[in-house]
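The block underneath contains the structure these notes are about, expressed in structure tokens.
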Amino acid sequence: MRISVLTVGKCDPLLLKALEHYEMSAKHYWKIQVWEISSGVLRSKKTFPEEVKKQEAERIMTKIPARSEVIALSRVGKKISSTGLSEYLQECALRSISDVTFVIGGAFGLSEIVLNRADRVMALSDFTYTHGLARLILLEQIYRAGTIMRNEPYHKGGV
């Protein structure tokens, strides 16, 4: 199964080593692709959040494979545990879903266009994260889901 992570904007250079680590680790379990989508935020003093989200949505939608299962990350989404994510990805595999796409929005979040396309809207936590940190947490959780599926010792659960 291929897992794509679409994220708006470039990542903080301080996170790059950790991102590379978890992306490479996750590749032991999944075909991983990470796409950085350019932000709709201009360096203008007047920024209209809805217009920015619309521009970003147009770019995001072109990267989503037609038959992909789409999970949008949003603070209003449903929280899921690490084992819950692992079970969800297993369920996708059992349903013969070949593409799963996670979408991380920019500074203003995701447009309704993307949220409406999503098969599931998920929250990482009640906290708000930068898109770079959200990407890091997501990649670690995707890696963790693979280790859970194979009963490897990385995930300690409630121990």
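Going by our numbering, 106 is the number at position 113 of the sequence shown; the sequence numbering is gapless. Note that the Cβ used here is the ideal one computed from N, Cα and C, for glycine as well.
By the criterion of a C-beta distance shorter than 7 Å, Cys4 is surrounded in its chain by Leu12, Gly125 and Arg128, once the five residues flanking it on both sides are discounted.
Per the C-alpha coordinates, the member of His21, Gly150 and Leu103 positioned closest to Glu44 is Leu103.
In this structure, Val93 keeps its C-beta atom at 8 Å or more from the C-beta atom of Leu108.
With 16 or more neighbouring CB atoms inside 10 Å of its own CB, Gly33 falls in the buried class. Take Val(-2), set aside five residues on each side of it, and the residues of its chain with a beta-carbon closer than 6 Å to its own are Val27 and Phe95, in chain order. Per the C-alpha coordinates, the member of Lys56, Asp112 and Arg110 positioned closest to Glu29 is Lys56.
For Ser(-3), no alpha helix (DSSP H) segment is defined; the enclosing uninterrupted segment is the beta strand (DSSP E) at Arg(-5) to Val1.
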